[in-house]
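Worksheet for the structure shown next.
Okay, structure coming up:
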């Protein structure tokens, strides 16, 4: 009986697979076909498809799970997963007198990753076709937890739901998570499409009532947004740190980083103050210059300016995000500066030791960052959630480290240059008896070398 049922199954559900088992090759996937026979059985009193009858018989004999497991793996690897991964791939169903043929065709699409709603439509088309011609048959000797008779769709769903949901999350939903908080509202459409997709599968018995992995992932968009945003910020920051230092720009006391309009510290308390309580006048009219606390005119690396702009932009986004997201973004900015402290001296170590100009630029870079870190946390503190707004939003503790990082590299270069100068001057024979031709030649050569080093260093 098992032998004959196996032969019937092979005739009625026929796979035409590509010669290669490379699931990642679009060219190979396009050669996949699934033929389902829908002819009625020879019994004239029954109009049920013979394929369903064969599967029902296998269930009675206890061999259904073995056959369905193999079928589910082929369905996952050659049809469902490719539909999730390739935006250009579409399902083509051809109806014939003996059954249906499921194959692929390609449509022009410039998207790198398919939108979730489009993926759900394609998956529903395949699963509905298989359900209609294959799976809407009760399993004779199996009943569910609630005592209801199990249909074949439930058997297949139990075998492949974990894998297909993981594929949808990794190859589709991950890429649909926005990287800008302004687009989070638009993500509601993705949540609705995911919910509709799960409900549709539950109606066809592929899923049980508690199978909501996709929906849980989609609804947790704030956490995923924060993780994705933080990862993107760290990658961008590291690329800036490993770029060339010598591309510089000039910073003047009037140079500013664009900062969003933030609530003034203690603004609410100022409004509550009575007009009669005026601030006492200064004892004299002497005022500090507007540039008193400004960074002196110098040159810094262009990449460092972009790095600081990235920090300001990330903190600005944190002020409009949910509390968990804001906290995660804030500490990502701190991690940027920790990363700079560890990466830059190591990655550029050889150039900082050999090239005097780069050590001077590195010194300016560190002082520029330290200058901004003094007030960076205070500028955003009152727009961030607790406990950040209670004083935790600070970068002042990192200032001494950055100043030391720049000073040590610069002083090391100065010591090296001093040693080089003394070495050159040692050949001048203390500039004694310069009327002697040999002494004059040695002294003149030493002076030229010192002048070259001065010009090179400056």
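In this note's numbering, the protein residues as written are 4 to 461.
A virtual CB, placed ideally from N, CA and C, is assigned to each residue, including glycine.
Residue 398, DSSP secondary structure in three states: coil
Simplified DSSP assignment, three categories, for residue 252: strand
Range of the contiguous alpha helix (DSSP H) that encloses residue 360: Residue 360 -> alpha helix (DSSP H) spans 359-383.
Inter-residue Cα distance where the pair is residue 186 and residue 170: 24 angstroms
Extent of the continuous beta strand (DSSP E) to which residue 108 belongs: 102-109
Exposure of residue 67, with buried meaning 16 or more beta-carbon neighbours within 10 Å: buried
Supposed close pair residue 372, residue 405 - CB separation, criterion 8 angstroms: 5 angstroms
Spatial distance of residue 182 from residue 60 (CA atoms): 52 angstroms
Range of the contiguous alpha helix (DSSP H) that encloses residue 222: 216-222
Residue 162, enclosing alpha helix (DSSP H) - first and last residue: 155-171
Coarse secondary structure for residue 322, derived from DSSP in three states: It is coil, neither helix nor strand.
Spatial neighbours of residue 150 in its chain, beta-carbon cut-off 6 angstroms, leaving aside the 5 residues before and after: For residue 150, the predicted model reports a pLDDT of 48, less than 50, meaning its position is unreliable and no value from the coordinates is stated.
Residue 235, DSSP secondary structure in three states: In the structure shown, residue 235 sits in a helix (DSSP, three-state: H, G or I).
Cutoff 8 angstroms; reference residue 313; Cβ partners in own chain excluding five residues on either side: 236, 239, 240, 243 and 339
Closest Cα partner of residue 73 within the set 17, 227 and 33: The residue among 17, 227 and 33 with its C-alpha nearest the C-alpha of residue 73 is 17.
Assumed close pair residue 116, residue 39 - CB separation to whole angstroms, cut-off 8 angstroms: 30 angstroms between Cβ atoms; not a contact.
Own chain, CB closer than 7 angstroms to residue 119, minus 5 neighbours either side, in chain order: Same-chain partners within the cutoff: 175, 176, 179, 193, 196 and 197.
Closest Cα partner of residue 248 within the set 190, 258 and 310: Nearest C-alpha to residue 248: 310.
Alpha-carbon to alpha-carbon, residue 305 and residue 254: Pairing residue 254 with residue 305, the inter-Cα distance amounts to about 10 angstroms.
Per DSSP, cross-strand counterpart(s) of residue 82: In the DSSP output, where bridge partners are listed per residue, residue 82 has none listed.
Range covered by the beta strand (DSSP E) that runs through residue 39: 36-40
Inter-residue spacing [alpha-carbon to alpha-carbon] between residue 14 and residue 81: 19 angstroms
Between the CA atoms of residue 99 and residue 21 - distance to the nearest angstrom: 22 angstroms
Rounded Cβ spacing between residue 90 and residue 114 (contact assumed at less than 8 angstroms): Confirmed, Cβ separation roughly 5 angstroms.
Cut-off 7 angstroms between Cβ atoms - residues of its own chain near residue 326, not counting five sequence neighbours on either side: 388
Length of the line joining the Cα atoms of residue 12 and residue 5: 10 angstroms
Any 3 or more C-beta pairs closer than 8 angstroms across the region 199-206 and the region 343-356: no
Sheet register partners of residue 304 (DSSP bridge): 251
Buried versus exposed call for residue 160 [16 or more other C-beta atoms within 10 Å across all chains shown]: buried
Residue burial classification, residue 200 (beta-carbon count within 10 angstroms, cutoff 16): Its Cβ being crowded by 16 or more others within 10 Å, residue 200 is buried.
Three-state class that DSSP yields for residue 391 in the structure shown: helix
Endpoints, alpha helix (DSSP H) assigned at residue 99: From DSSP, residue 99 is part of no alpha helix (DSSP H) but of the beta strand (DSSP E) over 92-99.
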